[in-house]
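**Q** Below is one structure. I have some questions about it.
Residue numbers (this note's numbering): 261 to 558.
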């Protein structure tokens, strides 16, 4: 069976194997019926920025349309008041973003040029058969010095969690994948020569609430060394091997489960030794296709 390891699947496997067993595309591939507001909000912001940098579309209009559509398609939609609250927050956030960075992509105050948006990848995991590291980066960009960076948009509630980004597997993993794509000449037609070195990940942070002091926007470049890429590959192989070796399945409960896990009620039921098969069918849905890398025939 094909093994597809994304950063989110990797983190899920390490965080709680029971949740991973229910939600991983390599396992049951289920998701809660009721959408998580923060994820819906972040997804709509990502789409708005993707189309802004690729086609110069108005990000506010894109965001509003994306929120309405996502809620309409949800198995259990949000209440209208909650939906309108989120739309209002996103509208103000993106209007401020345009005022801060520029009304058009070519007007960027930092001189940033976004050359690639929403790029999927599928990289063979070394030493394994039919196993791939997969995912989607928000973009590739070039700064005023001509350096190439992976671009990642992040919405956050409080001050930009830079220390967390420094240690994130995503920070290194996306550079690992994109450097391989650059070396094959995949982006030459978009202005990224195959001789280019991807320096690291540039986090484009958007704080949801206006802070008391300072800007709600942060761009944080995090350089990734060759040694970090080599160590990432070792961890990738180790985790992928463990995933494939019929791992034991058990929960790892923490105090954060209440707000962080969409499977909380089902986990609480399973804790008492009750079969949750019926809950899986009635309270979750099959996770939708997330791109070409998840289609087994690719």
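Backbone N, C-alpha and C define an ideal beta-carbon position, used for all residues, glycine too.
The structure displayed is predicted, hence computed values, not measured ones.
Cα separation between residue 330 and residue 425?
**A** If you take the alpha carbons of residue 330 and residue 425, they lie about 28 Å apart.
**Q** Residue 365 and residue 376 - do their beta-carbons sit closer together than 8 Å?
**A** No, Cβ-Cβ distance for residue 376 and residue 365 is not below 8 Å.
**Q** Which term fits residue 295, buried or exposed, when burial requires 16 or more other beta carbons within 10 angstroms of its beta carbon?
**A** Buried.
**Q** Just the C-alpha distance for residue 433 and residue 284, rounded to the nearest angstrom, thanks.
**A** Approximately 19 Å, taken between the alpha carbons.
**Q** Against chain C, does residue 443 count as a neighbour if the rule is that its beta carbon must be under 8 Å from one of theirs?
**A** Among the chains in the structure shown there is no chain C, since it carries only a single protein chain.
**Q** How far does the alpha helix (DSSP H) with residue 438 in it reach, from first residue to last?
**A** Per DSSP, residue 438 belongs to the alpha helix (DSSP H) from 429 to 443.
**Q** For the beta strand (DSSP E) containing residue 482, name the first residue and the last one.
**A** 477 to 483 is the extent of the beta strand (DSSP E) around residue 482.
**Q** Report the rounded CA-to-CA distance for residue 356 versus residue 372, giving the unit in angstroms.
**A** Roughly 18 Å separates the two Cα atoms.
**Q** Out of 429, 458, 466, which has the shortest C-alpha to C-alpha gap to residue 418?
**A** The candidate whose alpha carbon is nearest that of residue 418 is 466.
**Q** In chain order, what residues of the same chain lie with their CB nearer than 6 Å to the CB of residue 555, ignoring the 5 residues before and after it?
**A** Its pLDDT being 42, under 50, residue 555 is placed unreliably in this model, and the value from its coordinates should be taken loosely. Around residue 555: no qualifying Cβ.
**Q** Going by DSSP, name the residue or residues bridged to residue 340.
**A** BP columns for residue 340 are empty, so no partner.
**Q** Could you tell me which residues DSSP pairs with residue 290 in its beta bridges?
**A** Answer by DSSP bridge pairing, in chain order: 546.
**Q** By alpha-carbon positions, which one of 539, 526, 494, 543 ends up nearest to residue 387?
**A** Among 539, 526, 494, 543, the Cα nearest to that of residue 387 belongs to 494.
**Q** Which class does residue 460 belong to by DSSP, given the choice of helix, strand or coil?
**A** Note: residue 460 maps to strand in three-state DSSP.
**Q** Could you compute how far the alpha carbon of residue 325 sits from the alpha carbon of residue 369?
**A** Approximately 27 Å between the Cα atoms of the pair.
**Q** With distances taken between CB atoms, is the gap from residue 496 to residue 393 smaller than 8 Å?
**A** Going by C-beta atoms, residue 496 is nearer than 8 Å to residue 393.
**Q** To which residues of the same chain is residue 416 closer than 8 Å at the C-beta, ignoring the five residues directly before and after it?
**A** Closer than 8 Å at the Cβ level, and outside the excluded window around residue 416, lie 465, 466, 467, 468.
**Q** Per DSSP, what kind of secondary structure is residue 373 in: helix, strand or coil?
**A** If DSSP states are grouped into helix, strand and coil, residue 373 belongs with the strands.
**Q** Suppose the cutoff is 6 Å on Cβ atoms and the five residues either side in sequence are ignored; what does the same chain contact list for residue 463 look like?
**A** Taken in chain order, the residues that qualify are 412, 414, 425, 480.
**Q** Would you mind sorting residue 266 into buried or exposed? The rule is 16 or more other CB atoms within 10 Å of its CB.
**A** Burial call: buried.
**Q** Could you check which residue in 270, 478, 264 has the C-alpha nearest to that of residue 382?
**A** Residue 382 has its Cα closest to that of 264, out of 270, 478, 264.
**Q** Just mark residue 522 as buried or exposed, buried being the case when its beta carbon has 16 or more other beta carbons within 10 Å.
**A** It counts as buried.
**Q** Closer than 7 Å by C-beta to residue 349: which residues in its own chain qualify, once you throw out the five before and the five after it? Chain order, please.
**A** Excluding positions up to five away in sequence, the list reads 468.
**Q** Assuming residue 509 and residue 278 are in contact, meaning their beta carbons sit under 8 Å apart, how far apart are those beta carbons, in whole angstroms?
**A** So it is a contact: roughly 6 Å between Cβ atoms.
**Q** If the criterion is Cβ atoms closer than 8 Å, does the pair residue 536 and residue 529 meet it?
**A** Yes, they are a contact pair.
**Q** Name the two residues that bound the continuous alpha helix (DSSP H) containing residue 332.
**A** Segment 319 to 333, the alpha helix (DSSP H) holding residue 332.
**Q** How should residue 379 be labelled, buried or exposed, when 16 other C-beta atoms within 10 angstroms of its C-beta is the threshold for buried?
**A** With 16 or more Cβ atoms within 10 Å of its Cβ, residue 379 is classed as buried.
**Q** Is the Cβ-Cβ distance between residue 301 and residue 343 less than 8 Å?
**A** Not a contact, by the Cβ cut-off of 8 Å.
**Q** Rounding to the nearest angstrom, what Cα-Cα distance links residue 406 and residue 451 in this structure?
**A** In a straight line, the C-alpha of residue 406 is about 11 Å away from that of residue 451.
**Q** Excluding the 5 residues preceding and the 5 following residue 323 in the sequence, name in chain order all residues of the same chain whose CB lies nearer than 8 Å to its CB.
**A** 304, 305, 307, 308, 347, 350, 351, 354, listed in sequence order.
**Q** Along the chain, where does the beta strand (DSSP E) containing residue 412 start, and where does it finish?
**A** Residue 412 -> beta strand (DSSP E) spans 408 to 416.
**Q** Enumerate in chain order the residues of its own chain whose CB-to-CB distance from residue 511 is below 8 Å, with the five nearest sequence positions on each side excluded.
**A** Cβ neighbours of residue 511 beyond the five flanking positions: 276, 277, 278, 279, 527, 530, 531.
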